[in-house]
């Protein structure tokens, strides 16, 4: 999960903002000693112990474990699809409905892989679930084995209750979201017959914010994400002996190109949705930054407000496309003029802006035909998913069962999730993770990743409520 949030909010959320109160004490959650909670903890513990990182080939082991749990709960072989891909795998599990609603299925997304974690760097063993009085620790405790645990344990609980949905519910677990997303592309495109749906709900995005005292501030529904695109800029040169410098030098030319890009700022982009979010956030945050949010919400052409937002790493991507160099290489010997130099520019592109347009802008800023531009990979441009009233109502019920009155808002993420491939295929996708956390406690992808224990237990009913609202017989 990538928690650097930009924001989107729809006018349909206004009624959820009005009169919202901050409540620090959630309603009673599923008891920690209940069989359902203990089963969820068992799954959580077991899958965190499987190091599903790139290159270790452990995702199939995790798939087999989850399949065993689901079969033991009563899911038949024909409901389970294991889809190998290279040394990884994907998993699709269909909870069959009776079809009485006539509605297409709902997809439920999560990813089974995690970012590498080295024992020598961590204070605790990364691939073992450990705990203290406040937190669970381990790689994937948040990103995204929490989502996997919540969906699998919820399917098991629903099956034990004899729940029969009025439409199919389909778990879709990818195996390499943190790297190349080959399994995600496979799920979205090659196995479209398994993943046809009216919309998708993603465990790997969204979630609630807590302040330092544990008060719930806001719950965010991810409704869009920026396009991830990288460009390789390269310069070649005949080179020569370093004792005979020449006027044209590949490294100098590349440096000049980078300086031109550094000095350029993409223009402000906004929408009513973004302004609504900034108004809500500004009122809560206060201070200089809060005032800038309010000023931008009132007038997105307010240059001073836009520049203030651009100074904040957490908000710089909210109102514009951003591009930054992330890799650099050049030369081949210390006593030779460089024959080549190259850099990678990573861009997070505002929804609706074509990758080709950003490439053209960068080329214009560099203004040097000797610098060659190459698009790396195959960037996926995904649209904004307009928030649905039925999803809003279901999520609101789940959130307010824990924190009555907390406001809900749509967001746009600067990071990338599996959701972009399903949005690109025309399936609206909404990130509605169960976690409520203080942003300062979010160590996803970093050292000593952790999750508040209260968030784990407090979220056990999250998906039960949502799925019963969206697929239960009223």
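Numbering (my numbering), first residue to last: 13 to 486. C-beta atoms are modelled at their ideal positions from N, C-alpha and C, and glycine is treated no differently.
Can you grab the Cα-Cα spacing for the pair residue i / residue j, in whole Å?
i, j, result
"residue 341", "residue 198", "33 Å"
"residue 234", "residue 55", "26 Å"
"residue 37", "residue 136", "In this prediction, residue 37 scores a pLDDT of 45, lower than 50, which makes its location untrustworthy; the coordinate-derived value is nonetheless stated afterwards. Approximately 30 Å, taken between the alpha carbons."
"residue 284", "residue 310", "10 Å"
"residue 196", "residue 262", "38 Å"
"residue 481", "residue 67", "40 Å"
"residue 440", "residue 346", "53 Å"
"residue 74", "residue 140", "14 Å"
"residue 446", "residue 426", "20 Å"
"residue 443", "residue 276", "32 Å"
"residue 133", "residue 219", "28 Å"
"residue 364", "residue 200", "21 Å"
"residue 116", "residue 179", "7 Å"
"residue 130", "residue 304", "41 Å"
"residue 324", "residue 354", "29 Å"
"residue 217", "residue 231", "11 Å"
"residue 279", "residue 333", "8 Å"
"residue 221", "residue 379", "44 Å"
"residue 63", "residue 70", "6 Å"
"residue 92", "residue 46", "27 Å"
"residue 169", "residue 127", "29 Å"
"residue 51", "residue 72", "21 Å"
"residue 472", "residue 410", "10 Å"
"residue 431", "residue 396", "11 Å"
"residue 416", "residue 225", "17 Å"
"residue 156", "residue 125", "8 Å"
"residue 238", "residue 371", "15 Å"
"residue 327", "residue 321", "6 Å"
So the alpha helix (DSSP H) residue i belongs to, where does it begin and stop?
i, result
"residue 166", "157 to 173"
"residue 65", "It is not in any alpha helix (DSSP H) - residue 65 carries neither H nor E in the DSSP assignment."
"residue 436", "431 to 436"
"residue 116", "Per DSSP, residue 116 belongs to no alpha helix (DSSP H) and is neither H nor E."
"residue 459", "That residue, residue 459, is in no alpha helix (DSSP H); it is neither H nor E in DSSP."
"residue 55", "47 to 60"
Of the residues the options, which one's Cα is nearest the Cα of residue i?
i, options, result
"residue 152", "123, 167 and 169", "123"
"residue 253", "78, 300 and 344", "344"
"residue 422", "289, 369 and 335", "289"
"residue 171", "148, 145, 82 and 257", "82"
"residue 214", "205, 272 and 236", "236"
"residue 337", "346, 292, 301 and 267", "267"
"residue 154", "69, 474 and 449", "449"
"residue 359", "367, 352 and 200", "367"
"residue 105", "111, 114, 212 and 94", "94"
"residue 420", "320, 330 and 292", "292"
"residue 145", "476, 87, 210 and 464", "464"
"residue 61", "460, 142, 410 and 225", "142"
"residue 111", "430, 486 and 177", "177"
Shorter than 7 Å, the distance from the beta carbon of residue i to the closest heavy atom of the ligand NAP, or not?
i, result
"residue 392", "Among the components of this structure there are no ligands whatsoever, and the ligand NAP is therefore not found."
Can you tell me where the beta strand (DSSP E) holding residue i begins and where it ends?
i, result
"residue 97", "92 to 97"
"residue 103", "100 to 107"
"residue 148", "147 to 149"
"residue 263", "Per DSSP, residue 263 belongs to no beta strand (DSSP E); it is in the alpha helix (DSSP H), 262 to 274."
"residue 182", "181 to 186"
"residue 441", "441 to 443"
ask   = In chain order, which continuous runs of the alpha helix (DSSP H) of length 4 or greater are located wholly inside the stretch 192 to 254?
value = Listed in chain order, the alpha helix (DSSP H) runs fully inside the stretch 192 to 254 are 194 to 197, counting runs of at least 4 residues.
request  = With a floor of 3 residues, list each beta strand (DSSP E) that falls wholly inside the stretch 281 to 347, ordered by position along the chain.
outcome  = 334 to 342
ask   = Is there contact between the stretch 447 to 459 and the stretch 242 to 255, where contact requires at least three CB pairs shorter than 8 Å?
value = Short answer: they don't touch.
request  = Report yes or no: do three or more beta-carbon pairs, one from the stretch 101 to 111 and one from the stretch 183 to 192, lie closer than 8 Å?
outcome  = In the pairwise beta carbon analysis, the stretch 101 to 111 is classified as touching the stretch 183 to 192: at least three pairs are separated by under 8 Å.
query = Unbroken alpha helix (DSSP H) runs of length 4 or more, entirely within the stretch 333 to 419: which are they?
reply = Correct list: 367 to 378 and 401 to 414.
ask   = Are there three or more Cβ pairs, one per stretch, closer than 8 Å when the stretch 386 to 395 is compared with the stretch 82 to 93?
value = no
Minimum length 3: unbroken beta strand (DSSP E) runs contained in the stretch 461 to 485 = 462 to 464
query = How about the stretch 350 to 358 and the stretch 318 to 337: do they share at least three Cβ pairs that are nearer than 8 Å?
reply = yes
ask   = Would the stretch 462 to 481 and the stretch 158 to 169 be scored as touching if the rule is three or more Cβ pairs under 8 Å?
value = yes
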